[in-house]
Amino acid sequence: MHRYFIAAIVTATLAVTSLSASPARADGEDIAKALAGIAVLAIIGKAIKDNRDDRHVTRHTHQPKPRPLPPKVSRHYLPGQCLRNVRTDYGTTRMFGRRCLERSYRHVQHLPRACAQRVWTANGVRRGYNPRCLHQAGFRIARN
């Protein structure tokens with residue numbers, strides 16, 4: 010739209026200047042008028058450009074909050090940060106630490122007792138749950 014506006018102004022300017030055309034002479038007053046006309050056109054063009062620049066639109070996208078899993082589903086996902094590698098005299102074994110599960114998993118009482126294990130380390134006995142046994146019982150690791 011601003012192109013048509015500028016074209017109309019240029020056309021009107023040319024039409025007005027051609028009507029009052031007189032023999033070519035360039036005194037100080039004519040040069041001042043020409044410079045004033047050019048300055049006016051530059052100011053109008055700058056105003057149109059600034060008006061167009063102000064029209065930028067900020068778009069906000071909606072980021073939905075993740076919903077917690079339903080109780081029956083979330084009960085079968087164990088926190089991944091509780092899965093530990095424990096060094097023993099016989100090598101390294103993986104297990105879910107009991108204290109970590111008690112702090113970060115509210116359904117510890119529903120874990121199968123058959124999956125509970127004790128491991129003897131250089132620092133004493135570690136209690137926890139066997140991840141393979143829990144996996145076979147339907148429990149999974151939440152990766153968050």
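Each number in the working numbering comes from the position in the sequence shown (counting from 1) with 9 added on.
We put the beta carbon where it would ideally sit given N, CA and C, even for glycine.
Please read these numbers as outputs of a predicted model, since none were measured by experiment.
ask   = What is the residue span of the alpha helix (DSSP H) that Q126 lies within?
value = Counted from its first residue, the sequence shown places residue 126 at position 117. Per DSSP, Q126 belongs to no alpha helix (DSSP H); it is in the beta strand (DSSP E), 125 to 130.
task = Thinking G46 and T22 are a contact (beta carbons under 8 Å), I'd like their distance in whole angstroms, please.
result = Here residue 46 refers to the residue found at position 37 of the sequence shown. Here residue 22 refers to the residue found at position 13 of the sequence shown. At roughly 7 Å, the Cβ-Cβ gap stays under 8 Å, so G46 and T22 are in contact.
request  = Could you pull out every residue in the same chain whose Cβ sits closer than 7 Å to the Cβ of L92, ignoring the five residues on either side in sequence?
outcome  = In the sequence shown, the residue the question calls residue 92 occupies position 83. So the qualifying residues of the chain are R103, F105, P140, I150.
message = Tell me the rounded alpha-carbon separation between G89 and F148.
response = Residue mapping note: residue 89 aligns to position 80 of the sequence shown, counting from 1. Residue mapping note: residue 148 aligns to position 139 of the sequence shown, counting from 1. The straight-line gap from Cα to Cα measures roughly 12 Å.
query = What are the start and end residues of the alpha helix (DSSP H) that includes R141?
reply = The residue given as residue 141 occupies position 132 in the sequence shown. Counting along the chain, the alpha helix (DSSP H) containing R141 begins and ends at 140 to 145.
request  = May I have a chain-ordered list of the alpha helix (DSSP H) segments no shorter than 4 residues that lie completely inside the region 92 to 121?
outcome  = 107 to 113
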